[in-house]
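In this note's numbering, the protein residues as written are 399 to 577.
Glycine residues also receive a C-beta, built at the ideal position from the N, C-alpha and C atoms.
Only a predicted model underlies this, so the values are computations on that prediction, with no experimental measurement involved.
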């Protein structure tokens with residue numbers, strides 16, 4: 399008896415906000431820290447079947463995923479954003495590849511909102527582009543300093559998309575960010 403293939407998911411996007419703070423340090427001998435709120439960072443967030451991908455990445459203690467895409471408001475023509483989209487299509491991101499792809503070939507889906515670096519960690523997947531589908535296999539948290547571990551606090555999962563719909567979504571974003 400063969401296992402049925404998982405149903406195809408629909409990849410989409412929405413605008414989302416990530417809170418930002420300025421941290422001010424005062425004092426010469428006795429440091430005092432003061433955090434003040436700044437304008438939230440607006441970014442394009444991945445959705446799967448209309449639900450934010452980040453909602454599926456909540457820790458058991460209730461802490462939500464804080465990682466974001468490189469697709470931030472006002473970042474048109476940004477090499478990081480363009481590279482992050484190209485690798486989702488199975489393409490080479492040339493000079494940006496080391497910013498968006500881990501050494502093991504896994505691709506960053508969401509990145510550290512502070513620095514964007516893979517060293518801090520983010521959400522990654524083994525992206526497989528096939529004839530009619532695209533798979534994000536073993537979606538989970540990863541950092542550049544350790545090999546990907548399938549045993550995580552947040553359960554690792556896989557998503558399958560119709561390739562035509564998926565590529566339309568990603569290429570539409572790519573056209574906007576290249577322009």
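As assigned by DSSP and simplified to three states, the class of residue i
{"i": "residue 524", "result": "strand"}
{"i": "residue 507", "result": "strand"}
{"i": "residue 555", "result": "strand"}
{"i": "residue 546", "result": "coil"}
{"i": "residue 431", "result": "strand"}
Cβ-Cβ distance between residue i and residue j below 8 Å
{"i": "residue 416", "j": "residue 450", "result": "no"}
{"i": "residue 411", "j": "residue 443", "result": "yes"}
{"i": "residue 507", "j": "residue 491", "result": "no"}
{"i": "residue 407", "j": "residue 555", "result": "no"}
Straight-line gap, residue i to residue j (C-alpha atoms, nearest Å)
{"i": "residue 480", "j": "residue 470", "result": "11 Å"}
{"i": "residue 503", "j": "residue 429", "result": "43 Å"}
{"i": "residue 453", "j": "residue 509", "result": "15 Å"}
{"i": "residue 405", "j": "residue 455", "result": "20 Å"}
{"i": "residue 466", "j": "residue 567", "result": "17 Å"}
{"i": "residue 462", "j": "residue 547", "result": "20 Å"}
{"i": "residue 499", "j": "residue 512", "result": "18 Å"}
{"i": "residue 542", "j": "residue 563", "result": "31 Å"}
{"i": "residue 489", "j": "residue 459", "result": "37 Å"}
Candidates the options: closest to residue i by CA position
{"i": "residue 529", "options": "501, 570, 482, 565", "result": "565"}
{"i": "residue 418", "options": "408, 538, 499, 440", "result": "440"}
{"i": "residue 519", "options": "500, 499, 540, 533", "result": "540"}
Nearest-angstrom Cβ-Cβ length linking residue i and residue j, presumed shorter than 8 Å
{"i": "residue 468", "j": "residue 514", "result": "6 Å"}
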